[in-house]
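Each number in our numbering corresponds to the 1-based position in the sequence shown with 7 added.
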Amino acid sequence: MIAELFHYLTTPCSWRMRKWGYLSESIGISSRYRRCQKEWQPHLSRTQEKIVQFLQAHPELRSVLFCGSGAGLDIPWSSRELQRFERIVLVDLIHPWSIRWKGVKDSRMELHSVDLSGVIEGVEKGGIFPEPVIDWSPKFDLVVSLNLLSQLPIVPLEQMERRLPTASEKELTRWAQRIQQSHLEKISEWGKFQLVISDIQEIWLNRAGEIVERQDPWYGAHWFDPEEEWEWRISPLGESDSQRSKIHRVGVSSLSGRLKLSEIKGHSELGN
Ligand SMILES: C[S@@+](CC[C@H](N)C(=O)[O-])C[C@H]1O[C@@H](n2cnc3c(N)ncnc32)[C@H](O)[C@@H]1O
């Protein structure tokens with residue numbers, strides 16, 4: 008509790024990030040990790056393993072951008088493959104102290120605070136379903152989207168629902184899809200190669216282990232067919248609910264090298 012308060016008071020970030028809950032969520036992820044390490048480790052190890060396998064298959068890569076780096080729990084820091092990189096850039100809204108400290112010790116690392124949803128400023132200015140805008144055009148050998156895609160629309164949707172209580176489910180869903188689509192477009196511009204690791208399904212189980220609810224973190228779109236998928240036991244019984252536990256199905260895709268808009272399957276649904 009004291010540690011959480013310390014991080015809340017001292018982690019550098021804007022007033023808006025505090026008010027909209029991004030800082031609390033970031034601190035919450037690290038605290039949950041400490042409580043649920045045993046349940047989370049298989050997912051974190053699998054994520055790291057997929058990144059390492061990609062780096063092994065592409066020994067020529069020298070610069071990498073990690074989007075949604077957070078506490079960096081899912082980055083394979085100790086792998087030999089990451090050692091050869093000359094530039095390691097981490098992007099998130101919140102960079103916890105642990106990662107800032109790592110950055111101080113490793114001159115190859117850069118930390119950038121960028122809104123990867125592209126809509127926070129538009130929402131702040133009073134926009135209604137603003138179009139994602141990201142005024143940043145870096146170039147990297149590889150861009151990894153790190154358990155981020157499903158997270159991007161969550162807070163903007165909460166803000167928009169508060170601002171516009173009459174918004175229809177369809178309008179909100181389309182906007183959420185647009186935010187996710189824009190992220191996939193951006194990473195295809197920024198990197199020669201992309202690797203996307205994302206939740207593909209959220210599942211609630213009762214005490215008997217039976218499925219009682221499913222949620223779709225892609226809001227009805229189908230962004231890619233995962234090359235591999237696994238389970239993240241994100242919230243064991245008692246963690247966030249005394250009667251239910253939650254697991255995420257997580258999938259990985261290299262988006263087959265260069266991504267073209269027409270190849271994003273969800274794209275056509277947005278025009279309807
Ligand atoms: C599920 S966590 C990813 C886990 C993270 N790689 C780790 O090991 O801690 C999602 C991350 O996305 C970040 N995030 C959410 N919305 C964002 C946005 N609009 N722009 C940039 N980062 C965002 C959060 O701050 C959080 O660190």
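No residue lacks a Cβ here, since even glycine has one placed at the ideal position from N, Cα and C.
> Given a threshold of 16 other Cβ atoms within 10 Å of its Cβ, counted over all protein chains shown, does Ser-189 qualify as buried or as exposed?
Replying inline: Counting the other Cβ atoms within 10 Å of the Cβ of Ser-189 gives 16 or more, which makes it buried.
>> For Phe-2, list the residues DSSP reports as bridge partners.
In response: Outside the shown range of the chain (8 to 279) lies residue 2, about which nothing can therefore be said.
> When every heavy atom of ligand 1 is checked, does at least one fall within less than 8 Å of the C-beta of Ser-247?
Replying inline: In this structure, Ser-247 has its CB at a distance of at least 8 Å from all heavy atoms of ligand 1.
> Does the separation of the CB atoms of Arg-94 and Pro-66 fall below 9 Å?
Replying inline: Going by C-beta atoms, Arg-94 is not nearer than 9 Å to Pro-66.
> Does at least one heavy atom of ligand 1 sit under 8 Å from the Cβ of Ile-194?
Replying inline: Result no, Cβ not under 8 Å from ligand 1.
> In three-state DSSP terms, what is Trp-22?
Replying inline: When secondary structure is reduced to three states using DSSP, Trp-22 falls in the helix class.
> With respect to 8 Å, is the separation between the Cβ of Val-98 and the closest non-hydrogen atom of ligand 1 below this value?
Replying inline: Because some heavy atom of ligand 1 lies under 8 Å away, the Cβ of Val-98 counts as near it: yes.
> Smallest Cα separation from Trp-239: which of Ser-260, Trp-211, Phe-231?
Replying inline: Just measuring C-alpha positions, the residue of Ser-260, Trp-211, Phe-231 sitting nearest Trp-239 is Trp-211.
>> Using the three-state DSSP reduction, which class does Gln-158 fall into: helix, strand or coil?
In response: DSSP places Gln-158 in the coil class of the three-state scheme, outside both helix and strand.
> In the DSSP assignment, what are the bridge partners of Trp-237?
Replying inline: Val-257, per the DSSP bridge assignment.
> Got a sec? Which residues, its chain only, sit under 6 Å from Tyr-226 by beta carbon, not counting five neighbours each side?
Replying inline: Result list for Tyr-226: Thr-180, Ala-183, Gln-184, in chain order.
> Does at least one heavy atom of ligand 1 sit under 8 Å from the Cβ of Gly-258?
Replying inline: Answer for Gly-258: no, Cβ out of range of ligand 1.
> Are at least three pairs of beta-carbons, each pair with one atom in the region 167-180 and one in the region 188-202, less than 8 Å apart?
Replying inline: Contact fails between the region 167-180 and the region 188-202, because fewer than three Cβ pairs, one in each stretch, are under 8 Å apart.
> Alpha carbon to alpha carbon, how far is Asp-148 from Pro-163?
Replying inline: Cα-Cα distance, rounded: 30 Å.
> Whose C-beta lies closer than 8 Å to the C-beta of Gln-166 among residues of the same chain, with five residues either side of it excluded?
Replying inline: So the list reads Trp-27, Val-130, once near-sequence residues are dropped.
> Is Gln-184 near ligand 1, with its Cβ less than 8 Å from a heavy atom?
Replying inline: It does not: the Cβ of Gln-184 is nowhere closer than 8 Å to a heavy atom of ligand 1.
> With C-beta atoms as the reference, is Lys-146 less than 9 Å away from Gly-198?
Replying inline: For the pair Lys-146 and Gly-198, the CB atoms are nearer than the 9 Å cut-off.
> From what residue to what residue does the beta strand (DSSP E) around Ser-120 run?
Replying inline: Segment 116-120, the beta strand (DSSP E) holding Ser-120.
> Can you tell me whether DSSP reads Leu-16 as helix, strand or coil?
Replying inline: Three-state DSSP puts Leu-16 in a helix.
>> On the criterion of 16 or more Cβ atoms from any shown chain inside 10 Å, does Glu-46 qualify as buried, or is it exposed?
In response: Under this definition Glu-46 is a buried residue.
>> Going by DSSP, what residue range makes up the beta strand (DSSP E) through Phe-73?
In response: It spans 70-74 - the beta strand (DSSP E) in which Phe-73 sits, taken as one unbroken run.
>> What residue range does the alpha helix (DSSP H) around Leu-62 cover?
In response: Where Leu-62 is concerned, the enclosing alpha helix (DSSP H) stretches over 44-64.
> By DSSP, does Glu-220 sit in helix, in strand, or in coil?
Replying inline: Of the three classes helix, strand and coil, the one that applies to Glu-220 here is strand, per DSSP.
>> Tell me the residue span of the beta strand (DSSP E) that contains Leu-89.
In response: In this chain, Leu-89 is not harboured by any beta strand (DSSP E); it is covered by the alpha helix (DSSP H) spanning 87-90.
> Cβ atoms of Ile-106 and Gly-79: under 9 Å apart, would you say?
Replying inline: Yes, Cβ-Cβ distance for Gly-79 and Ile-106 is below 9 Å.
> Which of helix, strand or coil does DSSP assign to Ser-33?
Replying inline: Ser-33 falls in the helix class under three-state DSSP.
> Hey, which residues come within less than 6 Å of ligand 1, measuring from Cβ to any heavy atom, in chain order?
Replying inline: Listed along the chain, these residues meet the criterion: Tyr-29, Ser-33, Ile-36, Gly-75, Ser-76, Gly-77, Ala-78, Gly-79, Leu-80, Asp-81, Asp-99, Leu-100, Ile-101, Asp-122, Leu-123, Ser-124, Leu-153, Asn-154, Leu-155, Gln-158, Leu-159.
> What number of angstroms, rounded off, separates the C-alpha of Glu-217 from the C-alpha of Leu-155?
Replying inline: Taken atom to atom, the span from the alpha-carbon of Glu-217 to that of Leu-155 is near 27 Å.
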